[in-house]
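Inspection log for the structure reproduced underneath, given as structure tokens.
Protein chains: 2
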Amino acid sequence: MRIDNLQYSNWSEKIFRQMREGGVDAVHVTIAYHENFRETVLNFEQWNRWFERFPELIFKGHWASDVDTARETGRTAIFFGFQNPSPIEDDIGLVEIVHTLGARFMQLTYNNQSLLATGCYESEDAGITRMGRQVIKEMNRVGLVVDMSHSADRSTIEAADISQRPIAITHANPHDWAPALRNKKDDVIRAVTENGGMLGFSLYPHHLKHKSDCSAKSFCEMIARCADRYGVAHLGIGSDLCQDQPDSVVEWMRVGRWSKEIDYGEGSAELPGFPPMPSWFRDNRDFGNVETGLSAVGMAPEEIAAVMGDNWHRFYTENFTPRG
Amino acid sequence: MRIDNLQYSNWSEKIFRQMREGGVDAVHVTIAYHENFRETVLNFEQWNRWFERFPELIFKGHWASDVDTARETGRTAIFFGFQNPSPIEDDIGLVEIVHTLGARFMQLTYNNQSLLATGCYESEDAGITRMGRQVIKEMNRVGLVVDMSHSADRSTIEAADISQRPIAITHANPHDWAPALRNKKDDVIRAVTENGGMLGFSLYPHHLKHKSDCSAKSFCEMIARCADRYGVAHLGIGSDLCQDQPDSVVEWMRVGRWSKEIDYGEGSAELPGFPPMPSWFRDNRDFGNVETGLSAVGMAPEEIAAVMGDNWHRFYTENFTPRG
Numbered sequence: 602m603r604i605d606n607l608q609y610s611n612w613s614e615k616i617f618r619q620m621r622e623g624g625v626d627a628v629h630v631t632i633a634y635h636e637n638f639r640e641t642v643l644n645f646e647q648w649n650r651w652f653e654r655f656p657e658l659i660f661k662g663h664w665a666s667d668v669d670t671a672r673e674t675g676r677t678a679i680f681f682g683f684q685n686p687s688p689i690e691d692d693i694g695l696v697e698i699v700h701t702l703g704a705r706f707m708q709l710t711y712n713n714q715s716l717l718a719t720g721c722y723e724s725e726d727a728g729i730t731r732m733g734r735q736v737i738k739e740m741n742r743v744g745l746v747v748d749m750s751h752s753a754d755r756s757t758i759e760a761a762d763i764s765q766r767p768i769a770i771t772h773a774n775p776h777d778w779a780p781a782l783r784n785k786k787d788d789v790i791r792a793v794t795e796n797g798g799m800l801g802f803s804l805y806p807h808h809l810k811h812k813s814d815c816s817a818k819s820f821c822e823m824i825a826r827c828a829d830r831y832g833v834a835h836l837g838i839g840s841d842l843c844q845d846q847p848d849s850v851v852e853w854m855r856v857g858r859w860s861k862e863i864d865y866g867e868g869s870a871e872l873p874g875f876p877p878m879p880s881w882f883r884d885n886r887d888f889g890n891v892e893t894g895l896s897a898v899g900m901a902p903e904e905i906a907a908v909m910g911d912n913w914h915r916f917y918t919e920n921f922t923p924r925g
Numbered sequence: 602m603r604i605d606n607l608q609y610s611n612w613s614e615k616i617f618r619q620m621r622e623g624g625v626d627a628v629h630v631t632i633a634y635h636e637n638f639r640e641t642v643l644n645f646e647q648w649n650r651w652f653e654r655f656p657e658l659i660f661k662g663h664w665a666s667d668v669d670t671a672r673e674t675g676r677t678a679i680f681f682g683f684q685n686p687s688p689i690e691d692d693i694g695l696v697e698i699v700h701t702l703g704a705r706f707m708q709l710t711y712n713n714q715s716l717l718a719t720g721c722y723e724s725e726d727a728g729i730t731r732m733g734r735q736v737i738k739e740m741n742r743v744g745l746v747v748d749m750s751h752s753a754d755r756s757t758i759e760a761a762d763i764s765q766r767p768i769a770i771t772h773a774n775p776h777d778w779a780p781a782l783r784n785k786k787d788d789v790i791r792a793v794t795e796n797g798g799m800l801g802f803s804l805y806p807h808h809l810k811h812k813s814d815c816s817a818k819s820f821c822e823m824i825a826r827c828a829d830r831y832g833v834a835h836l837g838i839g840s841d842l843c844q845d846q847p848d849s850v851v852e853w854m855r856v857g858r859w860s861k862e863i864d865y866g867e868g869s870a871e872l873p874g875f876p877p878m879p880s881w882f883r884d885n886r887d888f889g890n891v892e893t894g895l896s897a898v899g900m901a902p903e904e905i906a907a908v909m910g911d912n913w914h915r916f917y918t919e920n921f922t923p924r925g
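So the protein sequences, as listed, match chains Y and D.
Per our numbering, the first sequence starts with residue 602, numbered consecutively.
Per our numbering, the second sequence starts with residue 602, numbered consecutively.
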């Protein structure tokens, strides 16, 4: 079973076919960065059109069982998530509404302060806000997973503690392997995994040691080390694959409507766009290279299966349904 | 089995308890008159709060099988509908979105011209519009029922013919029994029922012969006559019960935001508010009186069961699911 728990590509039939070539049973796709509710609904609508157009390749994923259906029917189940709480605006009632529409993950922040928590690019992190506490409780009730991939340390640790259900860092790597601002320090990863949560390993070059030149060996050794440190049951893939996107999209991700000035985020004035992917992970067709790499660094077949999809499958089973 | 296929009350625990007292297994409730998409979502949210608060009385109905669940668990399944296409604005993609959120009926018009068709208060009826044809096709695809209760004659007949699935007049009576503007002429009812559609009988006094003074006998004789004329399989109840509403609500229904002048609709300057209900049908507790009345006019038990709920149940089974 292969589950990639974070992608944001410029979707096309080509990419959906590559998911099939790569044997990817489920993908969690981002459908909002800065969109408000109505704009996010337009993105749900766009996906409905793709589902109608390519029913032999993809379908909308609601529950863990849809991953099994995907395997049985040779298709890819698409699960939805937001990288910002902007889709729920200031309205807690929208938490259940977006879950009904299919959202399964929501970051409490992108890079900036949100109504709920603090993003990792802010200089001060005041932790989870008053509304944040209410929204976490409501997310727990309906089965919308708290994702802290882009959040600041204190906010993340507090979210892991406040949440009554496990939370996730869907796409990031350990900071002590690649000291990017977006990668996570040991105590943050511990807070998430010790509360039953998940860490999804990112293949976005800015999150990799030596960026685009990162070797498969280095990436897989890092995963093996995390398995020893945090327990293999808490690890999965969240590739952060942003395939075929024009550079205007990374600008939308970074700047949205919140600034009139350019903010390069993880990039720079010299490298403002998407960096090239590592040679051994071009796109959805290359998950086999990760499996081979994990085997080469000595991980057992059942451990590899856990990281490549079984752990996310278990997490989906336990965390997407409303609380009884 | 008892299904009331149209109510719009000032919802409260009292009314939900009266549904249980009256043995009502399912109610189709109106959640939009003139609301745009975002405002309609607020109404879905309000219902989510009621479902959370009164789980022992009501729950959200999605499919016909939920009516059976309601009977088995002693609760009432609530199905959603709109009396206007205003919730989908000018966006055909919202048809699937509102169905996902739980909408199962949508009127193509309220009393006025809409983007889709003509309402029964307009002087000219140009039939189904360009967008109307597209939206009917999309409603057929996703399982959102076309409701023409407030539409003009030509528009209704065209909708019945254009639609690839049966349509409904959820709440109205025959015009030759009570010649209200909102009641339906013989050729209109025939167009709907001959295409497999349903007529739901209204108990709103403006739709009754002698209004609030209408007798149960007259109402039930009218139903028996319709059974002979259109076939009992196409008949149900759509009481149009508007319980405990302040008069400001009937003003919203009639005027919305489309006029600065008061429009009294079916009322008048002398009687601007909701008229009193007939003594034998006060509210949800009195469906037994309708059954007794139908028996008194000679209808057989299985015919009565068909009208009181079995027909709507069959209609739900056939028309709420997406087309395979």
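Glycine is no exception: its CB is placed at the ideal position from the N, C-alpha and C atoms.
Just so it is clear, the structure is predicted and the values come from calculations on it, not from any experiment.
- Rounded to the nearest angstrom, the gap between the Cα atoms of arginine 639(D) and arginine 639(Y) is 7 Å.
- For asparagine 890(D), the closest C-alpha among the options Leu809(D), Met909(D), Pro877(D) is that of Met909(D).
- For glycine 694(D), the residues of chain Y that pass the 9 Å Cβ criterion are Val642, Leu643, Phe645, Glu646, Gln647, Asn649, Arg650, in the order they occur in the chain.
- By the Cβ criterion, the stretch 680-699 of chain Y is not in contact with the stretch 611-618 of chain D, since fewer than three pairs of Cβ atoms, one from each stretch, lie closer than 8 Å.
- Taken through DSSP and simplified to helix, strand or coil, histidine 629(Y) comes out as strand.
- In the structure shown, the three-state DSSP call for threonine 922(D) is coil.
- Of all C-beta pairs linking the stretch 751-769 of chain Y to the stretch 795-810 of chain Y, three or more are shorter than 8 Å, placing the two stretches in contact.
- Residue pairing for methionine 799(D): DSSP places it in a beta bridge opposite Ala769(D).
- If you check each beta-carbon in the stretch 700-713 of chain Y against every beta-carbon of chain D, the ones closer than 9 Å belong to Thr701, Leu702, Gly703.
- The beta strand (DSSP E) runs lying completely inside the stretch 714-793 of chain D and spanning 3 residues or more are 746-748, given in chain order.
- Chain D has a Cβ within less than 7 Å of the Cβ of isoleucine 698(Y).
- If you check the CB distance, asparagine 885(Y) and valine 625(Y) come in under 7 Å.
- Under the DSSP assignment, phenylalanine 888(Y) falls in the alpha helix (DSSP H) whose first and last residues are 888-897.
- The residues Leu709, Leu717, Ala718, Ile737, Ser756, Glu759, Ala760, Ile763, in chain order, have a CB closer than 8 Å to that of isoleucine 729(D) in the same chain once the five nearest residues on each side in sequence are set aside.
- Residues Ala665 of the same chain have their beta carbon placed closer than 6 Å to that of tyrosine 917(Y), with the five preceding and five following residues left out of the count.
- The stretch 697-705 of chain Y makes contact with the stretch 663-682 of chain Y: 3 or more CB pairs, one atom from each, lie closer than 8 Å.
- In this model, serine 849(D) and valine 856(Y) are separated by some 45 Å (Cα to Cα).
- DSSP places glutamine 844(Y) in the coil class of the three-state scheme, outside both helix and strand.
- The three-state secondary structure of lysine 861(D), taken from DSSP, is coil.
- Closest option to leucine 643(Y), judged by alpha-carbon separation, among Ile689(D), Asp814(D), Ser869(D): Ile689(D).
- If you draw a 10 Å sphere on the C-beta of serine 715(Y), you find 16 or more other C-beta atoms in it, and that means buried.
- In the structure shown, the three-state DSSP call for lysine 661(Y) is strand.
- A direct Cα-to-Cα measurement between alanine 834(Y) and arginine 731(D) gives close to 55 Å.
- With contacts defined by Cβ atoms closer than 7 Å, arginine 783(D) and alanine 773(D) form a contacting pair.
- Taking every protein chain shown into account, the CB of aspartate 788(D) has fewer than 16 other CB atoms within 10 angstroms, so this residue is exposed.
- Annotated as proximal: histidine 807(D) and glutamate 867(D), with beta-carbon spacing under 7 Å.
- Within chain Y, the C-beta atoms nearer than 8 Å to that of arginine 639(D) come from Phe638, Arg639, in chain order.
- If you draw a straight line from the Cα of valine 699(D) to the Cα of valine 746(D), it is about 12 Å long.
- Spanning the alpha carbons of aspartate 692(Y) and glycine 899(D) requires a straight line of approximately 54 Å.
- Proline 879(D) counts as buried, since at least 16 other C-beta atoms from the protein chains shown sit within 10 angstroms of its C-beta.
- Residue pairing for threonine 677(D): DSSP places it in a beta bridge opposite Ile659(D).
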